[in-house]
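> To start, I am sharing the structure in question, which I have written as structure tokens.
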Amino acid sequence: MSPKVKRALKWAFLAVGTAVVVYLVNEVGPERVLETLLAAGPYMVLLVLFDFGWFSTEIAAHRILLEEDAKKIPWPEFVRAQMVTYVFMVLVPAGRAGAEIARATAFNPYVGAGRAAAAATNAQALSLLANSLITIPCLIAIGSICGWDHALTWLMALNGLVTFVGGTVILALSRKLRIGRFLGKRIRKMVHVADDLDGALRVPRSRLIKAVAVLFVGRISQTIQYGIALLAVGGLFTGGGALLAQGVHLVGAFAGDFIPNQVGVVEGTYRVFASTLGFADDPAKAVSIALLARISQIILATTSLSGLALWGGVSDIGSAARIAGAGGEAPAGDPIEGPAE
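In the numbering used here, the protein residues as written are 12 to 352.
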């Protein structure tokens, strides 16, 4: 499939997802949704704060994965790279993979394409494993609250299994196979970074464990965020409630992985499980949980974009977008190079 077709499909899926959100809001009552969101306004600062918790753990995990090469990258550059990555995930229909390409593009001048690409690959795998770890307490909470034969319980278990297998397979293949050499034979511009990539993919297990632990802390921050969102729309803030709300989010994100930022699918999942969340008589509150989380993401993403504009880093987004659109191979004008001397 050509890059142009992929981009067209992403935009088409995003349009469909947006249409689904519009339909859901109209179905549950736009006035009721607006009323719920306005009433939840005072909680927005906390929602953004715990969103930033996830944001921060991504930076810390990448420093661990880059090993000693992390010292070559100034701390402000880590922050700027995370800003670019977050903008990609929330505002650009590129998905997690495209966002990691954006981060690797930012790190490339400091550590080289091989090391940057390896860190991105490992981060992708560990992100899946962190999701599988947070699935465990979510599954226990959902099974205890809803019953072990409930549809959400089974979907949560499936999510945990798939993310665990996916993360494990990516890690195993990247450590055992000579991916760099394989790409070097097929992509001319990857020839001189092939060996660096293969070596950098083999991060010590102790560092992988530390990185996934840090990412898991980010998932805990996200769980607290969804607990606050549940409270903001009129629910109770409890450990079980937060894990239940997070579980619904994870199921929606898993089901809509092919849609940029899972627009429409997450909102639809909250609508389907409105009664499970205790909002059978007022499903607008369930849908509003997803909308509050999305508003928080947009606030953090637009703040990042504004910061990049002041920082002079908006060009990083365009450069990364061109590389992501080319399927990971740098187009003319964006050469893949080693670290700057």
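We put the CB at the ideal spot given by N, CA and C, even for glycine.
What you are looking at is a predicted structure, and each value in this text was computed from that prediction instead of being measured.
Can you check whether the CB of Ala51 is closer than 8 Å to the CB of Ser299?
yes
> Do Ala266 and Val276 have their C-beta atoms within less than 8 Å of each other?
Taking C-beta atoms as the reference points, Ala266 and Val276 count as a pair closer than 8 Å.
> What is the DSSP secondary structure of Ser317, reduced to helix, strand or coil?
helix
> Taking the alpha helix (DSSP H) that Gly125 belongs to, which residues open and close that run?
Ala124 to Cys157
> Closest to Gly246 by C-alpha separation, out of Asp292, Trp86 and Lys17, would be which residue?
Asp292
> May I ask which residues mark the beginning and end of the alpha helix (DSSP H) holding Thr96?
Trp86 to Leu102
> Do you know how far the Cα of Ala71 is from the Cα of Leu172?
Roughly 26 Å between the two C-alpha positions.
> Between the Cα of Leu288 and the Cα atoms of Ser307, Phe63, Gly238 and Gly318, which residue gives the shortest distance?
Looking at Ser307, Phe63, Gly238 and Gly318, the one whose alpha-carbon comes closest to that of Leu288 is Gly238.
> Looking only at its chain, what residues have a beta carbon closer than 7 Å to the beta carbon of Thr47, apart from the 5 residues adjacent to it on each side?
Correct list, in chain order: Val244, Ala295, Lys296 and Ser299.
> Answer yes or no: do Met100 and Ala110 have a C-beta to C-beta separation smaller than 8 Å?
Between Met100 and Ala110, the CB-CB gap stays under 8 Å.
> Nearest by alpha-carbon distance to Leu241: which of Leu254, Leu316, Arg230 and Ile231 is it?
Leu254
> Using the C-alpha atoms, what's the distance from Leu261 back to Met167?
8 Å
> May I ask you to verify whether the stretch 214 to 232 touches the stretch 66 to 85, counting CB pairs closer than 8 Å and requiring at least 3?
yes
> Can you give the beta carbon distance from Gly178 to Ala136, rounded, assuming they're within the 8 Å contact cut?
Contact flag correct, Cβ pair sits at about 5 Å.
> Between the C-alpha atoms of Phe193 and Gly125, what's the straight-line distance to the nearest angstrom?
Below a pLDDT of 50, predicted positions are generally treated as unreliable, and Phe193, at 43, falls in that range; no measurement from the model is reported.
> Whose C-beta lies closer than 8 Å to the C-beta of Val44 among residues of the same chain, with five residues either side of it excluded?
Cβ neighbours of Val44 beyond the five flanking positions: Val36, Ala295, Val298, Ser299 and Leu302.
> With a 10 Å radius around its C-beta and 16 neighbouring C-beta atoms as the bar for buried, classify Val95 as buried or exposed.
buried
> For Thr234, which residues of its own chain have a beta-carbon under 7 Å away from its beta-carbon, when the five flanking residues on both sides are left out?
Beyond the five residues adjoining it in sequence on each side, Thr234 comes within less than 7 Å, by CB distance, of Ile145, Ala253, Leu254 and Gln257 in the same chain, given in chain order.
> Could you tell me which uninterrupted beta strand (DSSP E) segments, each at least 3 residues in length, are contained entirely in the stretch 214 to 269, listed from first to last along the chain?
none
> Name the two residues that bound the continuous alpha helix (DSSP H) containing Tyr54.
Neither: Tyr54 is in no alpha helix (DSSP H) and is coded neither H nor E.
> What do you reckon, are the CB atoms on Thr174 and Leu219 nearer than 8 Å?
no
> Can you round the beta-carbon distance between Val59 and Ile310 to whole angstroms, since I take them to be within the 8 Å contact cut?
5 Å
> Applying the criterion that 16 or more other CB atoms from any shown protein chain within 10 Å of the CB defines a buried residue, is Glu38 buried or exposed?
exposed
> Is Thr132 closer than 8 Å to Leu212 when the C-beta atoms are compared?
yes
> Going by CA-CA distance only, name the one from Val122, Phe284 and Ala320 that's closest to Asp80.
Val122
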